[in-house]
Every structure is written in structure tokens, then in C-alpha cells.
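Heads up: the sequence shown runs through residues 2 to 293, numbered per my numbering.
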Amino acid sequence: MFNALINLYTQGDIAGLQAKLLHSSSWQQHNFTAYGSSQISRLWMQNLNEFGFSELIASEQIDDGQFSALLCLFKNNNDKVVRVAFNFEHKQEFIKRVTCTLDSSSYAEYLQLEDEELVNTLPTADPLVITQFDHQLHPQSYHANPSDLANLASNKKLIDSWWSIWQSHNFPLIKVIYSEDANINLPTHSTKNNTSELTRFILSLGQSLNRSYSQLERVTVDKDNADKIAICWQIDADINEAGTIHRIKLPIQTFITIENSLILNEEIVIDWHAAMKRFNLNESLIKLSNGC
2 MFNALINLYT
12 QGDIAGLQAK
22 LLHSSSWQQH
32 NFTAYGSSQI
42 SRLWMQNLNE
52 FGFSELIASE
62 QIDDGQFSAL
72 LCLFKNNNDK
82 VVRVAFNFEH
92 KQEFIKRVTC
102 TLDSSSYAEY
112 LQLEDEELVN
122 TLPTADPLVI
132 TQFDHQLHPQ
142 SYHANPSDLA
152 NLASNKKLID
162 SWWSIWQSHN
172 FPLIKVIYSE
182 DANINLPTHS
192 TKNNTSELTR
202 FILSLGQSLN
212 RSYSQLERVT
222 VDKDNADKIA
232 ICWQIDADIN
242 EAGTIHRIKL
252 PIQTFITIEN
262 SLILNEEIVI
272 DWHAAMKRFN
282 LNESLIKLSN
292 GC
């Protein structure tokens, strides 16, 4: 399945990936969900028309037997690189549902488009329902930890501590759980991949997003290497755009690699432009995608 996903973008092998689909399969990308082989194939063709065939320069694969995650770095003929994250549920060799997230801060550069131009190319997002918001905002609610969703074994304390940085802004833990030479790829235009830049990014989010809540969706631990973990999650928050308050939902995919009980590598992928499209936003999210 990993190879079939990669071959779609490197070779345009639609038939190979089609063979992995069920009649009920779904593919979500840019907050839009395609259902069934016909709709999904049309989405792939549109992607390839924009994306072109790319060179795979790096990948990270995580599989727990039922859910899998794949992070790819693709390079085009102009030497532009984009990160694409996949989180999917499967049944043996067949894919049931996929969430595909493009790091849109690099995707705009990859396609050589301005922010507004990229937003205009995206599909209309799926409608939201009220139950998708404010799941656990009440202060007396129990806030789920990653260890409630997956068996993290010896990494339980580490990953729960990682989550408390995002959920509770417990910044002192950054020095405790990250390796001194940790590589952190943020969903911004920043080229500084270190814990100082991570702290700055989280502070920037906290300053821009009000009444925010970080909500876990799925935690996938590799069955052969428990030090490789993928996390699907989201931030629900209010954001001020030109004097108007918008309630937004920001899906995120994070890939973590642990070495010697410390986080050595972290990849954070956000599709900012899909959120701009869904919530009719512009400057506020562009500012965050620029790392400001």
C-alpha cells in the first residue's frame, strides 16, 4: 500500500492504487472527501495535473496493522520540495479511508502560486456539523491523552508530555523531552528546525487563536518499531479576521521519531490554504503559515 501511494505521485500509477480500493473507500484532501473509485480517481487526476510526476526524496512509514501513516517528501523539476502526509485505515491489502494532508506552506511554492491562487484551485470543503466543534471545552471535562488511544509502552510518559505542550502550553517540558539536536520541521516557511523555533511557533498560535482546544483523533504506533509514532489531531479555535471572529477547525498530522527516550525528529503538517478556503480567511492564516 505504501508503494502504491508513492507510485501515484512518482509514476502516475492510478491503476495500481485503484486496485487497493473498496467500493466504500473514501479519500479526504483539502477538507473535501471523495467516495468510491470513480470520484477518487478524478481527484487523483486533478492532483497529477497540478502536481506533475515527482521524485521521492524521503519517506517515513508507520503501520500498526489496522491503521497506517506515510510521510513523503516530493521534489519537482524546479527542485521545489513539498511534504505530503497520509493517514489511512486498511483491511489487509485494501484501503478503507485515507486522510491526505499537504503542507500548503511548501505546496504554494511547489506549484509557484500565490496564496490566493492556490486557495482558488482547491475544492469546496465538506460541510461542517456542530458536533465537530468544542468536544471537550468544559473545564471539568477529562482531556484525553495519546496513551488513552494507543499502547505507547515505554514512550507513554514522553508522548503524553508532548501532548501537554500543545494542550496545556507546558513549555518547560520541551527541554525535557526533545534531544538537543532534534530536527523539527514546522508547517511554515521557517528554515530553523529546532526547539526554539517550535516554542516560537506554538506561542504564535496561542497569540492568534483564542478559546483554542487541541483534540486528538488517532494515534498510530508502528508495530515493528514503537519509537515511530503518527498522530492525527486538530485545533478548534476562534480567530480574528479583519474584525470578525471565526470559529475554525485546523486538522494536523504529526510524525515523531524517538531515540534514547527523547524526540529526535518531528514533522508537523498543516494544510493552511484548505482552512482559508473553508472559513473564508486570508491574512490571519497566511501570517501563521509564514511563522509569524
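Beta carbons: idealized from backbone N, C-alpha and C, even for Gly.
Secondary-structure assignment with DSSP links Lys-76 through a beta bridge to Glu-56 and Val-82.
The beta-carbon separation of Ala-35 and Leu-44, rounded to 5 angstroms, stays under the 8 angstroms limit for a contact. The Cβ-Cβ distance between Phe-75 and Glu-56 falls below 8 angstroms. Residue ranges of uninterrupted beta strand (DSSP E) with 3 or more members, entirely inside the region 162-218 and ordered along the chain, are 179-186. Residue pairing by DSSP puts Asp-237 in a beta bridge opposite Tyr-214 and Lys-250. Note: Lys-92 is bridge-paired with Phe-95 in the DSSP secondary-structure output. Assignment of beta-bridge partners to Val-220 by DSSP yields Ile-232.
Contact check for Ala-126 and Arg-279: beta-carbon distance about 4 angstroms, within the 8 angstroms limit, so the pair qualifies. His-31 sits in coil when the DSSP states are folded into three classes, being neither helix nor strand.
With a cutoff of 8 angstroms on beta-carbon distance, Asp-116 and Val-222 are scored as not near each other. DSSP, read as helix, strand or coil, puts Glu-61 in strand.
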